[in-house]
Amino acid sequence: MPPPSVGASAPDFTLPSTAGQTVTLSGLRGKKVLLAFFPLAFTGTCTAELCAMSEDYGKFHSDNTVVLPISVDSVPTLKEFKAKERITVELHSDFKREVSRLYGVLNEEKFYSNRAYILIDRNGVIRWTHQEANNSERRENSEILAELARLG
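Take this note's numbering: the final residue in the sequence shown is number 186, and no numbers are missing along the way.
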């Protein structure tokens with residue numbers, strides 16, 4: 035399935051989080067949302083990326099943005115990863131791969147999501163997307179925050 039295009043309504047979903055609650059995308063209307071798909075917990079690039087998001091969490095939060103890191107790992111695995119790396123942002127489990135497929139980022143061959151970013155505005159419309167050509171690469175938070183600033 036191809037990813038939804040910029041200008042389309044973001045497909046709704048509900049996922050469990052490391053906070054022990056579920057998060058539903060449509061319940062976040064009125065806030066900007068960053069979907070940050072990452073391949074797997076405990077891998078080098080993913081660890082660096084999520085630790086950087088933790089460090090910059092205040093910048094995302096002050097921009098009225100909800101950060102939703104999503105991987106195909108189970109909630110217990112994500113909880114262990116979060117604790118070991120002292121990650122402050124809650125992580126979300128797409129264990130059934132439904133959301134990764136819905137957003138066109140699932141690597142069917144390897145059965146995990148590719149590294150991808152999707153910015154959704156306050157009205158639930160997709161405004162920016164980026165999928166890495168190589169999962170060992172990642173966007174810097176400064177680039178993502180600049181894209182968020184453009185949303186106003």
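No residue lacks a Cβ here, since even glycine has one placed at the ideal position from N, Cα and C.
The structure displayed is predicted, hence computed values, not measured ones.
Taking the Cβ atoms as the reference, residue 51 lies roughly 7 Å from residue 125, within the contact range of under 8 Å. Residue state for residue 108 is assigned as coil, using DSSP reduced to three classes. Burial of residue 147 is indicated by the presence of at least 16 other C-beta atoms within 10 angstroms of its C-beta. The region 50-101 contains, as complete alpha helix (DSSP H) runs of 4+ residues, the segments 78-89 and 91-96 (chain order).
Cβ contact annotation for residue 133 (same chain, cutoff 7 Å, sequence separation greater than five): 47, 49 and 104, in chain order. Setting aside the 5 residues that flank it on each side, residue 98 is surrounded in the same chain by 65 and 66, each with a C-beta closer than 7 Å to its C-beta; the list follows chain order. Distance from the CA atom of residue 91 to the CA atom of residue 100, rounded to whole angstroms, is 9 Å.
The alpha-carbon separation between residue 94 and residue 139 amounts to approximately 23 Å. Looking from the CA of residue 38, the closest CA among 167, 184, 128 and 150 belongs to 150.
Sequence-distant partners of residue 170 (beyond 5 residues in either direction) whose C-beta falls short of 7 Å from its own C-beta, in its chain, are 79. Here the C-alpha atom of residue 131 lies approximately 19 Å from the C-alpha atom of residue 163. Taken through DSSP and simplified to helix, strand or coil, residue 159 comes out as strand.
Bounds of any alpha helix (DSSP H) do not take in residue 121, whose DSSP letter is neither H nor E. For residue 178, the closest C-alpha among the options 86, 73, 106 and 42 is that of 86. Here residue 153 is bridged, per DSSP, to 68 and 162.
Looking only at 55, 56 and 60, the smallest Cα-Cα distance to residue 157 is reached by 60.
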